[in-house]
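With the numbering used here as the guide, the letters of the sequence shown map in order to residues 20 to 409.
Positions of the beta carbon are idealized from the N, C-alpha and C atoms, including for glycine.
Since we're looking at a predicted model, the values are computed, not measured.
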Amino acid sequence: MSNRVDPSLIKELKEYGAVNIEACFNCGNCTAICPLTDSKHSFPRNMIRLVQMGFRKRIMKTPDPWLCYYCGDCSDTCPREAEPAETMMALRRWLTAQYDRSGHGAKLYTSEKAVWKAILQYSMIPVILLLIFHGLKALGVPGLDSFEIVTDRVALNAFAPVFWVWAVVLIDFVLLGSRLVRNIVHMFQLVMGELGRKIPLRIYIQEFKTFLLHTITQRRWLDCGEDRKRWFKHLLLISGYATMLILIVGLLWWFQTDELYPLFHPQRLLGYYATVVLLYATGEALIGRLRKREQIHRFSHPSDWLFPAFIFAGTVTGILVHIFRYAGWPWPTYLMYVLHVMVMISMLDTEVGIGKWTHLFYRPLAMYLERVKERAAEEPAPELAPVGAD
Ligand code: SF4
Ligand code: SF4
C-alpha cells in the first residue's frame with residue numbers, strides 16, 4: 020500500500036462538503052468529546068489526519084465514517100473551527116461515491132448540473148411510457164385495451180393500468196436493487212479485504228442479527244449526542260418510507276385502485292400513516308436546513324437537500340392525487356399522478372445505491388462487519404501442527 024502524501028484529497032473532499040480541514044492541528048478534543056469513539060475507533064481525529072495525508076486507500080478500507088452518527092458535538096468543541104463533523108459527513112458521501120464503480124454517484128455528489136440532468140432524464144420516463152402506450156393503443160396495437168382516457172369520471176386504472184405500472188415498478192426495483200447490491204459488495208471487499216476470506220462463514224451467519232437490528236432500529240443513534248428525538252424522528256421516517264415501499268412494490272394492485280374505500284379501510288389508514296410521518300420528518304429536516312440553527316444544519320451539502328425534498332414533493336403530490344380522486348376531478352387527478360410518479364422515479368434513480376438514501380444500508384453494514392471482525396479476533400487461534408507432522 021502506498022503511503023505517499025496526496026494533498027489533492029482535501030480539495031476533492033471539499034466538493035463533498037468538508038469545511039476548513041486544513042485548520043485541524045490534531046489536538047484530539049474532538050475525539051475526547053465524541054460519544055461514539057472507543058478504544059478501537061478513535062475518530063474523528065484519525066480520519067482527519069488520514070485526509071490531511073491524502074491516504075485514500077486507507078480511508079476506503081475503514082468503516083469508521085459510518086460509525087459516526089453526526090451529532091455535531093465534535094464541531095462544537097473544536098478550538099480551530101475545523102468542523103470535524105462535516106469532514107465525517109463528507110467522507111461518508113465520498114465513500115458512497117467510491118463504492119459505486121460506475122462513477123455516476125461521484126458525478127451526482129460533485130456537480131449540480133449532473134443532478135438536474137439526471138432528474139430531467141429520469142422524470143421523463145413515466146411521460147414517455149404513457150405517451151408510447153396510449154399512442155400504440157390509438158394505433159390499434161392489440162393487448163393494450165386497458166389503456167383509456169376517461170373524462171366523465173376518475174378512472175386512474177384506465178389512464179395508467181395498475182398491471183403495467185407495477186411491471187415498470189418491479190423492473191426499476193430489480194435494476195436499482197442490483198446497483199445497490201453491487202455497491203454493497205464493493206464496500207464489503209474494501210472493508211474486509213483478504214481478512215474476509217479467512218473468517219469462518221459461521222461467524223457471518225451468526226452475526227447477521229447485528230445487521231438486521233441496526234437496519235431496523237438504527238439504535239447506535241441513541242448513544243450519539245443528547246438529542247434522542249433525532250433517533251425517534253429518523254425511525255418514524257423509516258417506518259413511513261418502508262410502509263410506502265411495501266404498498267407500492269408489493270401491494271400496488273391493492274393500493275392503486277379506482278374504488279373509493281371508507282375512511283377506516285386499512286388501505287387508507289396505511290397510506291395516511293405513511294403520509295403524515297413522511298411529511299412531518301422531511302418537512303422538519305428541510306426547515307432545520309433553512310434555519311441553520313443546529314450545528315448539523317449549518318453546512319448542508321446539495322445532496323442533503325435532495326432526499327428530503329424529493330420525499331416531501333412526492334408526499335405532497337400523492338396527497339393531491341388522493342384529494343382530486345375523491346373530489347372526482349379526472350384531469351387534475353391524471354396530471355398530478357404523472358407529476359407524482361415523475362418525482363418518485365427521479366428520487367429512486369438518483370438516490371438508491373448512490374445517494375443519501377444508501378446510508379440506511381452502509382451504516383448497519385459497517386456495524387455488522389466490525390462485529391464480525393471482533394468475533395473473529397475473539398476466536399482462539401488454530402493450533403499449529405507439530406513440526407514434521409503430515
Ligand atoms: S478537528 Fe479540531 S478538535 Fe479535532 S483534532 Fe483537529 S483541531 Fe483538534
Ligand atoms: S459528529 Fe458526533 S459521533 Fe460523529 S465524530 Fe463528531 S462527535 Fe463523534
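Between the alpha carbons of Ala174 and Leu199 lies a distance of about 35 Å. Ligand 1 has a heavy atom closer than 7 Å to the beta-carbon of Gly47.
Non-local C-beta neighbours of Phe318 in its own chain, meaning closer than 6 Å and more than five positions away in sequence, comprise Val38 and Glu105, ordered along the chain. Between Trp272 and Gln286, the C-beta spacing is not below 8 Å.
Not one heavy atom of ligand 2 is found less than 7 Å from the C-beta of Asp323.
For Ile144, the secondary structure class from DSSP, reduced to helix, strand or coil, is helix. Annotated as distal: Leu255 and Ala293, with beta-carbon spacing of 8 Å or more. With contact defined as three or more Cβ pairs closer than 8 Å, the stretch 37-55 and the stretch 233-252 are in contact. The stretch 352-361 and the stretch 141-155 touch, with no fewer than 3 CB-CB distances between them shorter than 8 Å.
For ligand 2, a non-hydrogen atom lies closer than 7 Å to the CB of Cys243. Leaving aside the five residues that flank Phe326 on each side, the residues in its chain whose CB is nearer than 7 Å to its CB run, in chain order, Glu370, Gly374, Lys375 and Trp376. Here the C-alpha atom of Val134 lies approximately 27 Å from the C-alpha atom of Pro26. The DSSP assignment places 321-346 and 349-370 as complete runs of the alpha helix (DSSP H) inside the stretch 309-377, in order along the chain (cut-off: 4 residues).
Linking Met366 to Gly302 through their CA atoms gives a straight-line distance of about 16 Å. Collapsing the DSSP output to three states places Tyr88 in coil. At the C-beta level, Trp85 and Tyr381 come within 8 Å of one another. A distance criterion of 7 Å places the beta-carbon of Ile52 in contact range of ligand 2, judged by its closest non-hydrogen atom. When secondary structure is reduced to three states using DSSP, Thr301 falls in the helix class.
For Cys49, the enclosing alpha helix (DSSP H) starts and ends at Asn48 to Ile52.
Taking C-beta atoms as the reference points, Thr236 and Leu297 fail to come closer than 8 Å.
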